[in-house]
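**Q**
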Amino acid sequence: MQRLGIYIHWPYCKSKCPYCDFFSRVQKNVDQKEIIKGYLADLEYYRSLNDDYKVESIFFGGGTPSLIEPRYIAAIINQITSLWSCSDSLEISLEANPNTNHNNLFSDLKSAGINRLSLGVQALNDDDLKFLGRTHSLSEALLSIDSVLHNFDNHSIDLIYARPDQDRQSWQKELSMACSFGVKHLSLYQLTIEENTVFARKGIKSADDETSRNLYSMSEEILSEHGYSRYEVSNYAQSGFECRHNLGYWRGYDYVGIGNGGIGRLHIGGKLYNTFYPRQQELITPKERAEELLIMGLRVREGINKSCFSSQCGINFANIINLQKMHQFCQQGLLINTPTNLTATASGNLVLNYLIEQLINL
Ligand SMILES: C[S@@+](CC[C@H](N)C(=O)[O-])C[C@H]1O[C@@H](n2cnc3c(N)ncnc32)[C@H](O)[C@@H]1O
Ligand code: SF4
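When we follow the numbering used here, the leftmost residue of the sequence shown carries the number 0, and every step to the right adds one.
(1) DSSP puts residue 184 in a beta bridge; with which residues?
(2) Specify whether the stretch 122–139 and the stretch 178–188 touch according to this definition: at least 3 beta carbon pairs, one from each stretch, less than 8 Å apart.
(3) Under the rule that 16 or more other beta-carbon atoms within 10 Å means buried, what is residue 200, buried or exposed?
(4) Heavy atom of ligand 2 less than 7 Å from the Cβ of residue 191, yes or no?
(5) With which residues is residue 299 paired in a DSSP beta bridge?
(6) Answer yes or no: the CB of residue 362 versus the heavy atoms of ligand 1, is any distance below 7 Å?
(7) Tell me whether residue 99 sits in a helix, a strand or coil according to DSSP, three-state version.
(8) Three or more C-beta pairs under 8 Å: does that hold for the stretch 145–158 against the stretch 68–82?
(9) Out of 191, 255, 285 and 218, which has the shortest C-alpha to C-alpha gap to residue 278?
(10) Could you tell me the boundaries of the alpha helix (DSSP H) in which residue 147 lies?
(11) Report whether the distance from the Cβ of residue 23 to the nearest heavy atom of ligand 2 is below 7 Å.
(12) Considering only their Cβ atoms, is the gap separating residue 55 from residue 298 smaller than 8 Å?
(13) Excluding the 5 residues flanking residue 107 on each side, which residues of the same chain have their C-beta closer than 8 Å to its C-beta?
(14) From the DSSP output, in three-state form, read off residue 366 for me.
(15) Got a sec, what are the start and stop residues for the alpha helix (DSSP H) residue 80 sits in?
(16) Would the beta-carbon of residue 100 be found less than 7 Å away from any heavy atom of ligand 1?
(17) Assuming the contact rule is C-beta atoms closer than 8 Å, residue 112 and residue 91 should be a hit. Round their C-beta distance to whole Å, please.
(18) Just confirm the distance between the C-beta atoms of residue 272 and residue 261, as a whole number of angstroms; I'd bet it's less than 8 Å.
(19) From residue 99 to residue 12, what does the alpha carbon distance come to, in whole angstroms?
(20) Taking 8 Å as the threshold (C-beta atoms), are residue 334 and residue 232 in contact?
(21) Have a look at 102, 353, 103 and 165 and flag the residue whose alpha-carbon is nearest the alpha-carbon of residue 122.
(22) What are the partner residues of residue 343, as DSSP defines its beta bridges?
(23) Verify the contact flag: residue 15, CB atom, against every heavy atom of ligand 2, threshold strictly below 7 Å.
(24) Can you list, in chain order, the residues of its chain whose CB lies under 8 Å from that of residue 53, leaving out five sequence neighbours each side?
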C-alpha cells in the first residue's frame with residue numbers, strides 16, 4: 000500500500016493580515032454545516048479513485064482552520080478513518096490562530112481528534128505583532144501557547160523574521176523566548192512581500208539580504224543549542240517531532256487536497272494527477288514531476304535521493320540536471336553530491352531558488 004496524506008483547507012480568517020497572500024478571506028455567517036457536507040462527499044469521491052492507499056497524516060491548514068467547529072473536525076476525521084486504512088500512528092495536525100482562542104478551544108480540538116497543534120504566533124513582542132497586523136497581543140499569544148502545551152504532546156509555533164529594521168539582538172531575544180516554551184517544533188519564515196498584499200501596496204520592504212542571511216544563520220545556531228535540528232529550510236524540530244505530513248509532501252508522496260484551496264497529487268490508474276477543486280484532474284508530465292521533485296527535495300536536509308527521484312518521475316536524475324552547474328555549485332560549497340543524494344548546504348539554502356533555476360536542464 001502507498002502512503003497518503005490528506006490536506007483539508009479552510010479558506011476563512013477572522014481578519015486578513017497585511018503580508019499574507021494565502022487563499023483566504025474574511026466572511027461572516029459561513030455555513031459550516033453545508034461546507035463540511037461537501038468536504039465529506041469529496042473525501043468519499045477521492046477514496047473511490049484509488050484503493051491502494053494507507054493514510055499517514057491529516058493536516059487542517061488555511062486560512063484559519065481553528066475557526067471550524069470541533070464537532071465538524073471530528074466528523075472529517077471520522078470520515079477519513081472510516082473510508083481509508085490508516086496508520087496506527089496517524090498524525091493529525093491543525094493550524095490555529097491565537098485570535099480564535101477561547102476557554103476550551105484546545106481541549107475541544109484534542110477531543111475532536113487533533114494530536115498536533117501548530118500555532119501562528121508570528122512575533123514575540125507587541126510592537127511587531129501590531130506591525131504585522133495581528134489581532135492578538137503578546138500576552139494573548141502566551142496564554143494560547145500555555146494552553147497548547149497543556150493539551151498536546153506534539154506542538155509547533157510559527158514566527159516571521161526579517162521584518163523591516165529587525166536587528167540581531169531583538170531576534171535573539173525572541174528566539175530564546177521561543178525555545179524556552181518547550182514546544183517540539185518551530186517554523187521560522189522569512190518575511191516575503193507578496194504582490195497584491197497591503198504590505199506590497201504600502202511599499203514595505205523586508206530586512207535587506209545581508210541582515211536576512213545573518214538572522215537565518217543565527218536562528219540555526221540558537222535553535223541547535225536548544226536541541227532543535229533544522230530538517231527543512233524553515234522548519235526545526237526536536238528529534239522525532241518533524242512534521243510527517245509536510246515531510247511526505249516534500250518527499251513526493253501522494254496526498255488528497257480538500258476544499259477550494261486544496262490541491263492534491265494522486266495516482267489514478269497508475270498515472271499521477273494534479274487534483275484540484277472542484278474534483279478536477281490533470282495529468283502531470285514526467286518533466287513537470289521532475290521539476291517539482293527537485294524544488295521540494297532540495298528544501299529538506301536529507302536532500303534528493305536520486306534513485307527515488309528516478310522511480311517517482313520516470314526520468315534518470317543525471318538527464319534532468321545540468322551536471323556542469325551541479326559540480327560548480329558543489330565546489331562553491333552550496334551543494335553536496337554523494338552517490339545516493341544531492342543536498343543543499345546551509346549556504347545553499349540561502350540561494351535555493353537560484354540554484355534550482357540553474358540546475359534544471361529542461
Ligand atoms: C497558512 S498560514 C496559517 C496560519 C494561521 N492562519 C495564522 O495566521 O495564525 C501559515 C504561516 O505562513 C506564514 N506566512 C504567511 N504569509 C507569510 C509571508 N508573507 N511571509 C512569511 N511568512 C508568511 C505565517 O507564519 C503563517 O503562520
Ligand atoms: S496569516 Fe493566517 S490569519 Fe492571517 S490572513 Fe493569512 S491565513 Fe489568515
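Even for Gly, the Cβ is constructed at its ideal location relative to N, Cα and C. None of these values were measured; they are calculated from a predicted model.
**A** With the given structure in hand:
(1) As a first step, residue 184 must be located in the sequence shown, where it is residue number 185. Partner(s): 155 and 236.
(2) no
(3) In the sequence shown, the residue the question calls residue 200 occupies position 201. Under this definition residue 200 is an exposed residue.
(4) Taking the first residue of the sequence shown as 1, we reach residue 191 at position 192. No; taking the cut-off as 7 Å, the Cβ of residue 191 has no heavy atom of ligand 2 nearer than that.
(5) Taking the sequence shown and counting its residues from 1, the one referred to as residue 299 is at position 300. Residue 299 is bridged to 231.
(6) Since the first residue of the chain shown is 0 and the last is 361, residue 362 is not available in this structure.
(7) As a working note, residue 99 is residue 100 in the sequence shown. Residue 99 falls in the helix class under three-state DSSP.
(8) no
(9) The residue given as residue 278 occupies position 279 in the sequence shown. The residue with the shortest Cα to Cα distance from residue 278 is 255.
(10) Residue 147 sits at position 148 when you count from the first residue of the sequence shown. Counting along the chain, the alpha helix (DSSP H) containing residue 147 begins and ends at 137–150.
(11) Position 24 of the sequence shown, counted from the start, is the residue given in the question as residue 23. Yes, ligand 2 has a heavy atom inside 7 Å of this Cβ.
(12) As a position in the sequence shown, residue 298 is number 299, starting the count at 1. As a position in the sequence shown, residue 55 is number 56, starting the count at 1. No, they are not a contact pair.
(13) Taking the first residue of the sequence shown as 1, we reach residue 107 at position 108. Around residue 107: 69.
(14) Look at the range of the chain in this structure, 0 to 361, and you will see that residue 366 is not part of it.
(15) In the sequence shown, the residue the question calls residue 80 occupies position 81. 69–82 is the span of the alpha helix (DSSP H), which, as asked, contains residue 80.
(16) By one-based count along the sequence shown, residue 100 stands at place 101. Every heavy atom of ligand 1 is 7 Å or more from the Cβ of residue 100, so no.
(17) Here residue 112 is taken as the residue at index 113 of the sequence shown, counted from 1. Here residue 91 is taken as the residue at index 92 of the sequence shown, counted from 1. With a Cβ gap of about 6 Å, residue 112 and residue 91 count as contacting.
(18) Translated into positions along the sequence shown, residue 272 becomes position 273. Translated into positions along the sequence shown, residue 261 becomes position 262. Not a contact, Cβ separation roughly 14 Å.
(19) The residue labelled residue 99 in the question sits at position 100 within the sequence shown. The residue labelled residue 12 in the question sits at position 13 within the sequence shown. Cα-Cα distance, rounded: 9 Å.
(20) Stepping through the sequence shown from its first residue, residue 232 is reached at position 233. Stepping through the sequence shown from its first residue, residue 334 is reached at position 335. It is not a contact, given that the beta carbons lie outside the stated cut-off.
(21) Here residue 122 refers to the residue found at position 123 when the sequence shown is read from its first residue. Checking every option, the nearest Cα to that of residue 122 belongs to 165.
(22) If you number the sequence shown from 1, residue 343 lands on position 344. Per DSSP, 334.
(23) One-based indexing of the sequence shown puts residue 15 at position 16. At least one heavy atom of ligand 2 is nearer than 7 Å to the Cβ of residue 15, so yes.
(24) Position 54 of the sequence shown, counted from the start, is the residue given in the question as residue 53. 0, 1, 2, 3, 83, 84, 85 and 86, listed in sequence order.
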